[in-house]
Each structure stands twice: as structure tokens, then as C-alpha cells.
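So the sequence shown is residues -5 to 110, counted in the numbering used here. Ideal placement from N, C-alpha and C gives every residue a C-beta, glycine not left out. This structure is a prediction, so every number in the text was calculated from the model and none was measured.
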Amino acid sequence: MNKFFIPIISSIIIFTLTSCSTVKDRDRVGVKEAKSCVKQQQKQSTILDDFIIKACTNNGVWVAANTNTNEQYDFLNKLYVDPNAETIAFSDLNDDARNAVLSLQKKINKELLDLY
């Protein structure tokens, strides 16, 4: 009786495992942003017309620089570098400026997602 069930059970297991491996991987949004970010960084193409990607994280943009104003935004360390090369923590920005920076990060990541 065991000789009969073992081949059937092993066939079912093998079929189940192979069918799982044929399902296309579905990346989550952050992974798509990260992959697109690396691609854009390597191409050195601009995002949102004025920004170039300087560094990426595992879920999107890390550092972006404005090519027209020489401003740089470090979204991971929450630092802003103004055109005079002065580094300012996001927490030291006024509320409007801080909200604009966070909005910029979302816009860049959305653009990266659209380019994926």
C-alpha cells in the first residue's frame, strides 16, 4: 500500500513546487522604485526635468541633486545642501520647506515607479 501512495504524493509535491516556480515574481512598489532608481542613476538621466539621482536605497531615491540650482537632497540622512554648499538638517527647515522636501521625495519615487 505504501508503494502505491509514495509515487502519488511525490508527484503531487513535485507538481506543486514546479507550478509555484512558474509564477512570475511580483516586486513590491519599493523594490520597483529601487530598481528604477539604479537604472536612472546609471544612465545619469534627469528626473522631473531638473533632478539627477546621486544614490539609491533599497526602496527608492536616497540622494537627488537639482541640476539647475545645485541643491542636493539626502532623503535617507534627512539633509539638504543649499547652493552655497551649506548642509541643513530637514528638522531645521521651516514647515513649508520640510513639507516641500518630503513632497519632492514622493514625486521622485513616483516618477521612478512610472519609469519602471
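Fill in: Backbone CA spacing between Leu98 and Lys104 [nearest angstrom]
10 Å
Tell me Ile47's beta-bridge partners as DSSP assigns them. DSSP output for Ile47 lists Ala58 as bridge partner(s).
### Beta-carbon proximity list for Asp54, same chain, < 7 Å, skipping 5 on both sides
The residue asked about is misnamed: residue 54 is Gly in this sequence, not Asp. Excluding sequence neighbours, Gly54 sits near Gly24, Glu27, Ala28, Cys31, Asn103, Leu106.
Whole angstroms are fine: how far does the CA of Ser85 sit from the CA of Lys72?
8 Å
> Three-state secondary structure (DSSP) at Asp111?
Replying inline: The structure shown does not extend to residue 111, since the chain spans only -5 to 110, so no value can be given for it.
DSSP three-state call for Leu87: helix, strand or coil? coil
| said: Suppose contacts are defined by Cβ-Cβ distances below 7 Å. Is Lys70 in contact with Thr40 by that definition? | reply: The amino acid occupying residue 70 in the given sequence is Leu; Lys does not appear at that position. Not a contact, by the Cβ cut-off of 7 Å.
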